[in-house]
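Protein chains in written order, with this note's numbering: chain A, -11 to 288; chain B, 1244 to 1357; chain C, 2 to 228; chain D, 597 to 842.
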Amino acid sequence: MKVIECKDLTKAYIGKNALNQLSFSIEENKITGLVGRNGAGKTTLLKIIGGFLKETSGTIQVFSERPFNSLNVSAHSIFVDDKMSFPPALQLYELLEAAGSFYPNWDMDLAERLFDYFSFDRKAYHQRLSKGKTSTFNMIVGLAARCPLTIFDEPTTGMDAVVRKDFYRALLKDYLAFPRTIILSSHHLDEIEDLLEDILLINDGKKHLHMPMEELKEWAIGIKGATATVLEWSDKKELIYKNQIGADTLYAVVKNDFDEPSLMKASLAGLKITSVSASDLCVYLTSESKGGIDNVFSDR
Amino acid sequence: MQIAEWIETEIMKGHFESDQKVYSQYQLAEMYTINPATAAKGLNLLADEGILFKKRGLGMFVSVNAKEMIINKRKNQTLKRLVQEVVLEAARLQMSEDELIEMIKAVQNEEGEQ
Amino acid sequence: MSSIIPILLVALAIAFLSINKRKKFVTVKITHWLLFTYVGVLLLSMAAAPFVADGKLHARETVSEKEISQADNQLHKALRAGRIEDIDEKYLVNQKNFDNYQGKTLEIDTIYGNVPELHVERKQVDDGKIEVFCFAGALTIDTLDFTDMAGEPLSYVLENNILTIKPPKEREVKVSIVKNEFTINQFTGAREKGSHIIVNSPYLYMRIPKNLELIEGTEMSVIFVGE
Amino acid sequence: MSLVIANLVDIVKKQYLFKLKANIDSFSSLIWIQLLALLFSLGGVGSTLASSGYLSIEVKYYSADLVIAFTMIWAFVTAIIITTKPYRNQDFTYVTNRLSSSLANIIFLLTASIIGGITAMLVNNLLKIIAYFIFNEQLYSFQSGFRELALGISMTILYVFCISAFGYLVGTLVQVSKLFILFVPVLFFGTILLKTSVQKEPFLTSIFKFYFFEPSLLLLLLKILLTSCLFFFTSIAILNRMEVRR
């Protein structure tokens, strides 16, 4: 069953399309990573899914309903980011209780355990928390709500490495116990890639890739070697990234449609074949030009 | 496929006997903090190779001759590739065949002493 | 009695709210204390307000303008008819008897600018007794009856066969009135058109012996009752 | 996957309770404002001097009118505040849609009006006590029974509620465009100064008379309730299209 279905989804701000004819669908009970550069439209997309923003054109269905102004979507989804707004008059523990009164699947026990683990003070106030603590608290709310659709937009902002790791582990453990649809957007793809089942890569408000994480890991390969040889091998292949190292060495990333014997031949020809990490690949796929930052400095 | 390799190693070490049930995808997911789909893919890879077999509704079990299959596979694929690289590197360094074999023997002796 | 009902109602409302709150509110905050204290003080003062009376905080009788003018008319009528026994005692502000009046004549004079109406009743007997009554209409401020504070509207002395009507001492009446709020006044007809003070003029009434000759002073107008 | 369909009434109820807790601090400002008004009222809200011959009469008036007026201002400001961005975003942190958010806001404002209205009317007694004990003044009051008090309280509540409805609309308009921050006061003071040729008196005066000079309880009830509904419906209609957390 599909939890989210978008068709030609467009969101226009003044003079600019944040989302442009975006079409995709997300299956139930999968963890999907939403990846893209800054300003690619990730947050806009997530806020439309959460019902905060109104689509300009196209259709979006969450739980088979248009999310904007849908009480149903709001009741069964939660949107977590570092800008979640809580009333300043309430203490942290009261905020948890309030969340408990709203969300039917709320697990107060889990919330309290996480609360104590991350050593929160029950009587503290949300707006006085540090950046990392804010994110941690919001994450607790997001996890304990157990919403059928849980959206994390850059959930780890400000968290230190240890807390980030704890969060990923908590997310996965709770997901295993209570499977649900989770969308996770993050800049740290290398950190979250193990968690993900699917990945949705958007660029300039358009869908670039949407595939299982496992496929993405084998989707491209890196070839490194003498420039001429590399060029010969990558000829007629879909070139994703190319980097000239030194005088006569070239590193190229191409779409992986080689078969096993031809790879063997390539390495016999002195080429170094490497796999490309998902996070690098996403950077290559969404970079403005094939040359990356080096192009800026190339013609000086 | 790290998961597949890890289970292979476990079988080689004798942690799993033949006909014994291996970890489920969910157990693996929790142990390694990975998505259960990823874990399932690793398990399925081994099932496709015949190292594991599925019992419907019960999970994955170690095949009777799993160890040999792993040994064969590693010999024919993993080890072969490693050797290939060694040979290639030796050629780049302009080592003779004898020199290379000497080197291999020396390493083997060192390992044996330990 | 009437003030107890709203107190009960408010108390009930607070009890209801606090029961509802007890489930949800884990922490009692300063605001809660503030609110409870405030409402408590208000309720206390509400309960206390009628009791601080003790002669000071009076709830006054209210009289409508119509009632005042009616009462004034009736007073006037009774005076003309000579039926002062019918007049409510509260309108009688001053009464003096002069016994053993020996003179044959009585001159009535005034050094009081506003000449009050003087009603004279001739008695059937010559008993040498002159009775003087002074009646005054109500003093009302915004329909509150302050007649009792108006004091004597005039005084008089009998000397050398002359009854002199004198103005009273200057008198200051200072009152502080707690008005009803506009949300009440809007419907009770007491919509404020500024303050409304009514001071009704005083009347004099005399009983004189049968054969006493009355000499009217220059500015006096005497009305003989029953003639 | 079977999802329990969210019930509007249920959500509004939860949200209302949540708002009551979240906005509890607005009630402390109510108390301070009423105490301030009480302080101003202690000097008397009006006085009259009259003399008739020998009698000179000085009347000093006390009433809680000022307290009610201040409570109205409080309700107006409170209504504006809860339409502002942070407050709307708070709603959307938990379960809501725009309709439920507005409905909960309206019920909250009604609660605020009830509390404000009752306390404002009761301040009258506090005024008496303070004037009696501290200023040692001889006070006279009208004999008013439960009927008058109940009438006064309910009318105060209704007035305060109506003002809060107006505040909610103004706040909503400001959310649509910040220009209204400029526009509303201009409109307000403009109508005071502006005299149309048809009407002799300023527009605002006729509005004032329309409500405050209505002697019929039933008619006023109708006027106030209709006005409040109109304000709220307009606000809901506007807010229903608004995006949050942009």
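Don't be surprised by glycine CBs; every beta carbon is placed ideally from N, CA and C.
Just to make sure I have the definition right: I need the residues of chain F whose C-beta is within less than 7 Å of the C-beta of residue i. Which are they?
i        : result
C:PHE188 : Among the protein chains in the structure shown, which are A, B, C and D, there is no chain F.
Could you give the C-beta distance for residue i and residue j, rounded to a whole number, given that I count them as a contact under 8 Å?
i         : j         : result
C:LYS179  : D:LYS724  : The identity of residue 179 of chain C in the sequence shown is Val, whereas the question assumes Lys. Yes, C:VAL179 and D:LYS724 are in contact; Cβ-Cβ is about 6 Å, under 8 Å.
C:GLU132  : C:MET207  : 7 Å
A:ILE190  : A:LYS30   : 7 Å
D:SER831  : D:THR768  : 4 Å
A:ALA132  : A:LEU98   : 5 Å
D:THR679  : D:TYR764  : 6 Å
C:ALA79   : C:ILE69   : 16 Å between Cβ atoms; not a contact.
D:ASN732  : D:ALA660  : Contact doesn't hold; Cβ gap of about 20 Å is too wide.
A:ILE322  : B:ASN1278 : Nothing can be reported for residue 322 of chain A, as the shown portion of chain A is limited to -11 through 288.
C:LEU145  : D:PHE738  : 7 Å
A:ASN244  : A:TRP221  : About 12 Å; that fails the 8 Å criterion.
C:PHE188  : D:PRO781  : So it is not a contact: roughly 32 Å between Cβ atoms.
B:LYS1316 : B:MET1255 : About 11 Å separates the two Cβ atoms, so there is no contact after all.
A:LYS225  : A:ALA266  : Wrong, their Cβ atoms sit about 19 Å apart, outside the cutoff.
Measure from the alpha carbon of residue i to the alpha carbon of each residue in the options, then state which is nearest.
i         : options                                    : result
D:GLY748  : D:GLY640, D:LEU718, D:MET838 and D:ARG694  : D:LEU718
D:PHE757  : D:LEU632, D:LEU695 and D:ALA665            : D:ALA665
A:PHE51   : A:LEU80, A:SER62, A:LEU197 and A:SER123    : A:SER62
A:PRO76   : A:ALA112, A:ILE66, A:ASN60 and A:TYR91     : A:ALA112
B:GLU1328 : A:ILE261, A:GLU(-7), A:LEU189 and A:ALA266 : A:ILE261
A:LEU227  : A:LYS(-1), A:ALA99, A:ILE209 and A:GLY234  : A:ILE209
A:GLU53   : A:VAL68, A:PHE90, A:LEU159 and A:GLU(-7)   : A:GLU(-7)
C:ASP110  : C:VAL158, C:ASN186, C:THR38 and C:ILE198   : C:VAL158
C:ASP127  : C:THR106, C:THR144 and C:LEU145            : C:THR106
C:ASP73   : C:ALA139, C:GLY41, C:GLU182 and C:ILE166   : C:ALA139
D:ASN836  : D:VAL663, D:ALA675, D:ARG694 and D:LYS681  : D:ARG694
D:ALA708  : D:ILE620, D:LEU800 and D:PHE799            : D:ILE620
C:GLY152  : C:ASN98, C:ASN201, C:PHE99 and C:PHE52     : C:ASN201
C:GLU118  : C:LEU76, C:GLY104, C:VAL42 and C:LYS97     : C:LEU76
Flag this pair as yes or no: are the beta carbons of residue i and residue j separated by less than 8 Å?
i         : j         : result
D:GLU592  : D:SER637  : This structure does not reach residue 592 of chain D, given that chain D is present from 597 up to 842, and the question cannot be answered.
A:ASP182  : B:THR1321 : no
A:GLY120  : A:ASN5    : no
D:GLY712  : D:ALA671  : yes
C:ARG84   : C:HIS120  : no
C:THR141  : C:VAL64   : yes
C:TYR92   : C:PHE136  : yes
A:PHE140  : A:LEU80   : no
B:GLU1251 : B:PHE1259 : no
B:LEU1301 : B:VAL1265 : no
A:LYS(-1) : A:THR47   : no
A:LEU7    : A:THR32   : yes
D:TYR728  : D:LEU722  : no
A:HIS114  : A:THR144  : no
A:ALA87   : A:TRP94   : yes
C:TYR102  : C:LYS130  : yes
D:SER824  : D:ALA761  : yes
D:TYR658  : C:SER177  : yes
A:GLY146  : A:THR122  : yes
D:THR846  : A:MET201  : Here chain D has residues from 597 to 842 only, and residue 846 of chain D is not among them.
Legend entry - Residues in the region 657 to 686 of chain D having any Cβ partner in chain C nearer than 7 Å: TYR657, TYR658, SER659, ALA660, ASP661 and ILE664
Inset, instruction - Mind listing, in chain order, the continuous beta strand (DSSP E) runs of no fewer than 3 residues lying wholly within the region 178 to 222 of chain A? - result: Note on the region 178 to 222 of chain A: whole beta strand (DSSP E) runs with a minimum of 3 residues are 186 to 191, 194 to 200 and 208 to 214, in chain order.
Legend entry - Contact residues within the region 710 to 736 of chain D, judged by C-beta distance below 8 Å to chain A: none
Inset, instruction - Using a Cβ-Cβ cut-off of less than 8 Å, list which residues of the region 179 to 192 of chain A approach chain B; keep chain order. - result: Within the region 179 to 192 of chain A, the residues whose Cβ lies closer than 8 Å to some Cβ of chain B are ASP182, LEU183, LEU184 and GLU185, listed in chain order.
Legend entry - Interfacial residues, the region 153 to 170 of chain A to chain B, with Cβ spacing under 7 Å: TYR156, ARG157, LEU160, LYS161 and LEU164
Inset, instruction - Could you name each continuous beta strand (DSSP E) segment of 3 residues or more that falls completely within the region 667 to 748 of chain D, going from the start of the chain to the end? - result: 735 to 738
Legend entry - Ordered list of alpha helix (DSSP H) runs contained in the region 39 to 118 of chain C, each at least 4 residues: 66 to 82
Legend entry - alpha helix (DSSP H) segments (min. 4 residues) lying fully within the region 239 to 275 of chain A: 248 to 256 and 266 to 274
Legend entry - Those runs of the beta strand (DSSP E) which lie wholly inside the region 164 to 215 of chain C and span at least 3 residues: Scanning the region 164 to 215 of chain C from its first residue to its last, the whole beta strand (DSSP E) runs of 3-plus residues come out as 172 to 179, 198 to 200 and 203 to 209.
Legend entry - Residues from the region 155 to 173 of chain C in contact with chain D, defined by Cβ distance under 8 Å: So the close ones are PRO168, PRO169, LYS170, GLU171, ARG172 and GLU173.
Inset, instruction - Let me know the beta strand (DSSP E) ranges lying completely inside the region 76 to 115 of chain A, each 3 residues or longer, listed in chain order. - result: none
Inset, instruction - Taking only beta carbons into account, state which residues of the region 1260 to 1280 of chain B come closer than 8 Å to chain A, listed in chain order. - result: TYR1269, ALA1272, GLU1273, TYR1275, THR1276, ILE1277, ASN1278, PRO1279 and ALA1280
Legend entry - Residues of the region 193 to 204 of chain A with Cβ closer than 8 Å to any Cβ of chain B, in chain order: Under the 8 Å Cβ criterion, the region 193 to 204 of chain A contributes PRO200, MET201 and GLU202.
Legend entry - Where the region 114 to 138 of chain A meets chain B: residues whose CB sits under 7 Å from a CB there: Listed in sequence order: no entries.
Inset, instruction - Below 9 Å between beta carbons is the criterion; list the residues of the region -3 to 24 of chain A that meet it against any residue of chain B, in chain order. - result: Cβ contacts with chain B come from LYS18 and ILE19.
Legend entry - Ordered list of beta strand (DSSP E) runs contained in the region 10 to 47 of chain A, each at least 3 residues: Segments of the beta strand (DSSP E) lying fully in the region 10 to 47 of chain A: 19 to 23.
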